[in-house]
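Protein chains in written order, with the numbering used here: chain X, 1 to 264; chain R, 265 to 515; chain U, 516 to 774.
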């Protein structure tokens, strides 16, 4: 027991050491001029820029919170619409043969096209406004939702369905009380995939066509050769993505506690 | 003459697990001897720590107290054969690859170990399946591979942890005869764990009945019925009744 | 009788759905001042770019340029990702030292690295390869590491009782047992890598399918865009089909079907 505690402290210190070395080398390599400050900014400079960007709109036209809010709004609204539409559609496709035969071929065509490749055609037909971006992110989030809900229904244990049949349940009753609950595991996997996909696609869409948002900010940082702004943007993107994931995990825990029983 | 010598002496073995602040005492003062070349059966209710005991004997786990003395000194890893209830075959290895594993790990050259492994594959009746993957085999065949793999290590001690527990009844009877035939052919000291009274009486030279948790040895039965034994033999049934009435209920 | 009707229906419905898809596409394309090309125009454009070069390269060359970038990065990613993942899973000191850094970098989407990488490496071949590398190394590391963590402890016990030393446990037991997880990571990595190359080429490139699609956007050539989308989709599908076939060969105990 004693030894275990001692080991824990040792590994914790090692982790701290690793992080310190990472940031230390980064800072030093800029300070000592090993790399030019036109290609990389020191962590201290990045923090400075981060704090300044909280209120300062220069040089990219918006403050960091404005960029952040713009991106979050876009990503979350499209993501939510995709979940609300995609999950039930996947369920129906998984359970009803006619829907399956009718819609699955379409998804087989759409699925391999990365959402990013939709950007040019959508921009040309819908312009570069909110509508176009919402549509692109919706596409990115929609496909994994549908496919995973579909698979969730298809993978329902047939024994459970047979049990419900012996109780005399109607097909619709079986669909709602057996298939949907047992598909939830896969549904959550799909929702998680689609959240990641929508956040990534959002960044790409903003980099290619936008005048505000985190993706726009890092793209402009490149044009202006301002690595500090790029890194501030990357950090914000990374942290937001991680936080959204955490939030979703918490939500899952609330809705489907059985998924986490083993880890507790 | 060497038959009565103690191969393994277990003295006052104790083991307690700490889980989420609760402590579960699994073994309490467990003491027994295993004699050379005997077929010893450890019979106990489910969850009574039989697996833990075998893991300690195989040095996969450490006891909290007590000692184990082996005649001729503590065998090194690989010098005790172990047959797992859930087979634990390496799924990426063929039957041959699984059986020759211990020799390969020891650095025996390919030709020698192939020849040695082949003997054990033939012994368990799997000739012709050398190149099959475990997932292509039935449960009974998988456990034959498990037995061949354990015997191929040339260990003088075999630990078997409910090896037939996952098999259907028909296969189980078949495998019981099989293991007796193998023991007849290759004399080894066998410690066989089971929760099945008939299996214990059918196989064992000696049976140690374990109490439920925290478990220790409750009673020793010497089975002096002639082999091959019959499940319907009155002496068999009498012994069975004696053991069953003495067994702790497993909740 | 009913069975027969079901079969005809299940064969007919996919055809109906594809037919409806094309009708819808055609209808969208024929609508007043629509930018969308008809299927026929798209097909013509596709055939045309196979012969007539854009930016000094025909379509097959553009595809090859993109594929080459992906494949180079992908093989580097396999070597680096697997060794890094194994080190994370096997050595606690290494894990304690490096994992926090990895955890900090991991949530940043590979696409968000593009501006910084372009600042560092300009707009030649190297930045694209690096971006694809970032995009494909992460899933390989994650899968390798979690595969090692979730290895069946029974297999490790079996290895130990058969006399495996620590090194043998790694090479003979742990690594083979992790292969299915690694292959799953590689599959994710390849599709992520393909997406990254398209994105990187869309932002800064002179050749490649991503460049081609942006060229279509800049010149308002929607037939070119849709043709490129189809090409990107088909290549992505082919890549994953090849990998699935390969998995059956590399890891028959897990993936291939047997009698």
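Quick reminder that beta carbons are idealized off the backbone N, C-alpha and C, glycines included.
Annotation: the region 119-190 of chain X contains the following complete segments of the alpha helix (DSSP H) (minimum length 4 residues), in chain order: 119-126, 130-154, 158-166, 171-174. In terms of Cα proximity to residue 749 (chain U), the closest of U:575, U:535, U:518 is U:575.
Of all residues in the region 91-109 of chain X, those with a C-beta nearer than 8 Å to a C-beta of chain U are 97, 98, 101, 102, 103, 104, 105, 106, 109, reading in chain order. The shortest CA-to-CA distance from residue 155 (chain X) to any of X:54, X:19, X:32, X:93 is the one to X:93. Under a criterion of Cβ atoms nearer than 9 Å, the residues of chain U adjacent to residue 342 (chain R) are, in order, 675, 676, 677, 678, 679. Identification of residues in the region 694-722 of chain U having a C-beta nearer than 8 Å to some C-beta of chain R yields 694, given in sequence order. In the structure shown, the three-state DSSP call for residue 766 (chain U) is coil. With fewer than 16 neighbouring CB atoms inside 10 Å of its own CB, residue 449 (chain R) falls in the exposed class. Nearest C-alpha to residue 83 (chain X) among X:219, X:192, X:229, X:256: X:192. The beta carbon of residue 621 (chain U) sits closer than 7 Å to those of 653, all from its chain and outside the five residues before and after it, given in chain order. Residue burial annotation: residue 425 (chain R) is buried, with at least 16 other C-beta atoms found within 10 angstroms of its C-beta. Between residue 18 (chain X) and residue 616 (chain U), the C-beta spacing is below 8 Å. Spatial neighbours of residue 70 (chain X) in its own chain (CB-CB distance under 6 Å, excluding positions within 5 residues in sequence) are listed in chain order as 212, 213. According to DSSP, residue pairing for residue 519 (chain U) in a beta bridge does not occur.
The criterion of a C-beta distance shorter than 8 Å is satisfied by residue 708 (chain U) and residue 650 (chain U). Contact between residue 161 (chain X) and residue 178 (chain X) is confirmed by a C-beta separation of about 6 Å, below the 8 Å threshold. In the structure shown, residue 330 (chain R) adopts extended strand secondary structure according to DSSP, grouped into three states.
In summary, residue 28 (chain X) is exposed, with fewer than 16 beta-carbon neighbours lying within 10 Å of its beta-carbon over all protein chains present. Check the Cα spacing between residue 688 (chain U) and each of U:666, U:697, U:701: the tightest is with U:666.
Here residue 454 (chain R) is near residue 303 (chain R), since their CB atoms are less than 8 Å apart. Using beta-carbon distances, residue 322 (chain R) counts as an interface residue toward chain U, with a partner under 8 Å. Comparing alpha carbon positions, the residue from R:323, R:334, R:325 closest to residue 297 (chain R) is R:334. Closest by C-alpha distance to residue 462 (chain R), out of R:506, R:483, R:420, R:329, is R:506. In this structure, the straight-line span from the alpha carbon of residue 729 (chain U) to that of residue 719 (chain U) is close to 10 Å.
For residue 283 (chain R), no alpha helix (DSSP H) encloses it; the enclosing beta strand (DSSP E) starts and ends at 270-283. In the structure shown, the three-state DSSP call for residue 567 (chain U) is coil. Cβ atoms of residue 395 (chain R) and residue 360 (chain R) come within 8 Å of each other, at about 7 Å. According to the DSSP assignment, residue 63 (chain X) belongs to no alpha helix (DSSP H), since it is labelled neither H nor E. Interface criterion met: the Cβ of residue 365 (chain R) is under 8 Å from a Cβ in chain U. If only complete runs of 4 or more residues are kept, the region 732-767 of chain U shows the alpha helix (DSSP H) at 737-765, in order along the chain. Distances from the alpha-carbon of residue 37 (chain X) to those of X:225, X:183, X:237 put X:225 closest. Per DSSP, reduced to three states, the secondary structure at residue 95 (chain X) is helical. For residue 654 (chain U), the closest Cβ of chain X is not nearer than 8 Å. Rounded to the nearest angstrom, the Cβ distance from residue 183 (chain X) to residue 229 (chain X) is 44 Å, too far for a contact under 8 Å. Taking a cut-off of 8 Å on C-beta distances, the region 321-330 of chain R touches the region 668-681 of chain U, as three or more cross pairs fall below it. Annotation: residue 621 (chain U) is outside any beta strand (DSSP E) and is labelled neither H nor E by DSSP.
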